[in-house]
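Reviewing the structure listed below.
Residue numbers (the numbering used here): 165 to 311.
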């Protein structure tokens, strides 16, 4: 009986931790995962970072809930791992135990001020211009009326 009470308690904690039934299902549809834990910090774009060492094993104990808008782009249904800034990436992947809220990283010249999305597979992606001629040319079928 205590196992069932624990399951009900955790289910109610999950629903309450996401702002009710609507927030719970919205989070489930956005990222296919629902977790609750302690809020560690929020980055300058609005992403929220959480940690729970008690209920989740190492590697799954830190996670991010992405913002709904970033750099003027609506990201409600298009979440991407490249939306995490570099200062939070270290903490999220357990490279360090200190989050950037308590131990901010030292500024680097090569880091961008405004975090950019990964644009691979989109019309904005970089495509290098070919400088050599083709080695294989397409076959063009002859026209039916040109004999």
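The beta carbon of each residue, even a glycine, is placed where N, CA and C say it ideally should be. Keep in mind that this is a model prediction, so the values were computed, not measured.
Is the number of C-beta pairs between the stretch 259-270 and the stretch 278-296 that are closer than 8 angstroms three or more? no
Between the beta-carbon of residue 217 and the beta-carbon of residue 248, is there less than 9 angstroms? no
The beta strand (DSSP E) that contains residue 215, what's its start and end? 212-215
Quick one: residues in its chain with C-beta nearer than 7 angstroms to the C-beta of residue 215, no 5 flanking neighbours on either side, listed in chain order? 201, 202, 204, 225, 226
Spatial neighbours of residue 207 within its chain, please: CB distance less than 7 angstroms, with the 5 preceding and 5 following residues excluded, ordered by chain position. Only residues of its own chain outside the window of five on either side were considered, and among them 249, 252 have a CB closer than 7 angstroms to the CB of residue 207, listed in chain order.
Is the CB-CB distance between residue 241 and residue 213 below 9 angstroms? no
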